[in-house]
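Before any comments, here is the structure.
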Amino acid sequence: MNQDKWTAVDRYITDLFVPRDPALEAALAASDAAGLPQINVAPNQGKLLQLLAQACGARSILEIGTLGGYSTIWLARALPADGRLITLEAEPKHAEVAQANIARAGLSGVVELRLGPALTTLSQLAAEGRGPFDFIFIDADKPSYPDYFAWALKLSRRGSLIIADNVVRMGAVADAASDDDRVQGARRFNELLAAEPRVSATIIQTVGGKGYDGFAMALVIAEP
Ligand code: SAH
Ligand code: DHB
Ligand code: MG
2 MNQDKWTAVD
12 RYITDLFVPR
22 DPALEAALAA
32 SDAAGLPQIN
42 VAPNQGKLLQ
52 LLAQACGARS
62 ILEIGTLGGY
72 STIWLARALP
82 ADGRLITLEA
92 EPKHAEVAQA
102 NIARAGLSGV
112 VELRLGPALT
122 TLSQLAAEGR
132 GPFDFIFIDA
142 DKPSYPDYFA
152 WALKLSRRGS
162 LIIADNVVRM
172 GAVADAASDD
182 DRVQGARRFN
192 ELLAAEPRVS
202 ATIIQTVGGK
212 GYDGFAMALV
222 IAEP
């Protein structure tokens, strides 16, 4: 098993389950043209996020880490006509590219992008009494994942679903001695998730065109 095989199978899956989509393709092309890193979720993972948001009947979604808005578009399309998505991004250039991509997808009326370090914008959201969110996607800087989980819980209700990307990190997450602060951030996040009685959680490893990583999923089972 190797990366070439994972990439070929991802293409096979995407050809079957992800129809060509001008807005999503344009979002990736514009992100590339602007020099953004290619660290968006894969197409089949975007579809998975959308399915999960639809399955829990999400009407309000919070995303931490927008990049060019690729996952944002997948998630916003899961919403009913009166649904809302708030996405948080620290980099002005990423936010600018994302806003254009979101507009091109016809989702400017649904998506609110808040520019700034997420720990700041999360505390602003809480102060404004926003939430609870039905679905929360954590995908920003990995060392802050433990803090993002605390905010996600605060901004949840019983029945909310919290998903976090990149919690396996090519398997490095199983190495307690790792000196990578992204790995240690994911480890601490995973431990908090496991120890938190208000959620029921698991982690699924993933391979594909984007390599070897994994998603954490946590269902809020008690009023947080
Ligand atoms: N969810 C996107 C990918 C996000 S990549 C997708 O799948 O399409 C992670 C993003 O988090 C980057 O754009 C990065 O600029 C942003 N980020 C990093 N640190 C941040 C912080 N402290 N607050 C908010 N966003 C941050
Ligand atoms: C990185 C960030 C991501 O969200 C991702 O999915 C892959 C890589 C990174 O910062 O390297
Ligand atoms: Mg990610």
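Residue numbers (the working numbering): 2 to 225.
Think of the CB as a built atom: it goes at the ideal place given N, C-alpha and C, for glycine as much as any other residue.
As the structure is a prediction and not an experimental result, all values here were calculated from the model.
- In this structure, Asp-214 lies near Thr-207, with their beta-carbon atoms less than 7 angstroms apart.
- With a cutoff of 7 angstroms on beta-carbon distance, Asp-135 and Ser-201 are scored as not near each other.
- Judged by pairs of C-beta atoms under 8 angstroms, the stretch 90-101 touches the stretch 63-77, as three or more such pairs exist.
- Residue environment: Glu-224 is assigned as exposed (fewer than 16 neighbouring CB atoms within 10 Å of its CB, all protein chains considered).
- Under a 10 Å Cβ-count criterion, Pro-44 is classified as buried, with 16 or more other Cβ atoms of the shown protein chains found around its own Cβ.
- Contact check for Ala-24 against Arg-105 passes: the beta carbons are separated by less than 7 angstroms.
- Apart from the 5 residues on each side of it in sequence, Leu-194 sits with its Cβ closer than 7 angstroms to the Cβ of Phe-150, Val-200, Ala-202, Ala-217, Ala-219 in its chain, given in chain order.
- Below 8 angstroms, enough C-beta pairs join the stretch 145-161 and the stretch 125-134 to call them touching: three or more.
- The nearest non-hydrogen atom of the ligand MG is 6 angstroms or more from the C-beta of Asn-45.
- The stretch 119-130 and the stretch 138-152 touch, with three or more beta-carbon pairs separated by less than 8 angstroms.
- Across the structure, Asp-142 and Arg-183 are spaced so that their CA atoms are roughly 8 angstroms apart.
- Between the alpha carbons of Ala-54 and Val-111 lies a distance of about 15 angstroms.
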